[in-house]
Amino acid sequence: MTIFDTTSQVEKLVQIGTPTFESFYPCLYLDVKSPGKASWILRYQLNGKRHQFKIGGYGKVHDELLDLEDAIKIAIDCRKKFNDGIDPKLDIDRQKQPKLITFDYCANKYLVKKRSKIKTAFMSSLSDFIVDNGEST
Numbered sequence: 037m038t039i040f041d042t043t044s045q046v047e048k049l050v051q052i053g054t055p056t057f058e059s060f061y062p063c064l065y066l067d068v069k070s071p072g073k074a075s076w077i078l079r080y081q082l083n084g085k086r087h088q089f090k091i092g093g094y095g096k097v098h099d100e101l102l103d104l105e106d107a108i109k110i111a112i113d114c115r116k117k118f119n120d121g122i123d124p125k126l127d128i129d130r131q132k133q134p135k136l137i138t139f140d141y142c143a144n145k146y147l148v149k150k151r152s153k154i155k156t157a158f159m160s161s162l163s164d165f166i167v168d169n170g171e172s173t
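Residue numbering for the sequence shown is 37 to 173, as defined by the working numbering.
Written out as structure tokens, the structure is:
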């Protein structure tokens, strides 16, 4: 079966809208809820436990929606991760988290902005307290 045949099969299932859970690639499933509404689900087993999570909605209209080809690419990437012992769901969740902003970062940004108004001697004494140079007092 070619990718074109499989893509047309996916489109038919979504248009019909009968609730179903179909496999289209190893670990990749299409979860059809109603006509026009479907999600791509990734199932895998890691450390003896079965996991599944939604990798995206099915569609071609918006950039956030995934067609069959995009879903397969994500499934391949996730399979590589869990073959290496990495939980792909946790890895994706970590990537979505914003970077932590530390006090050191904020203080340095403030000092750079106010550098022209602050005296040099005061700046050097502040850097002993703000910048973490690996020494503990």
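We put the CB at the ideal spot given by N, CA and C, even for glycine.
With the cut-off set at 8 Å, would you say residue i and residue j are in Cβ contact?
i	j	result
residue 95	residue 75	no
residue 123	residue 64	no
residue 88	residue 78	yes
residue 127	residue 117	yes
Just curious, the beta strand (DSSP E) that residue i is in, first and last residue?
i	result
residue 81	73-82
residue 67	64-70
residue 130	No beta strand (DSSP E) contains residue 130, which is instead part of the alpha helix (DSSP H) from 124-132.
Whose CA, out of the options, lies closest to the CA of residue i?
i	options	result
residue 9	71, 145 and 62	Outside the displayed span of the chain (37 to 173) sits residue 9, for which this structure offers no information.
residue 109	133, 62 and 44	62
residue 129	77, 102, 45 and 91	91
residue 104	56, 146 and 66	66
residue 97	113, 73, 133 and 119	73
residue 85	68, 121, 113 and 146	121
Within the continuous alpha helix (DSSP H) that includes residue i, where are the two ends?
i	result
residue 115	104-119
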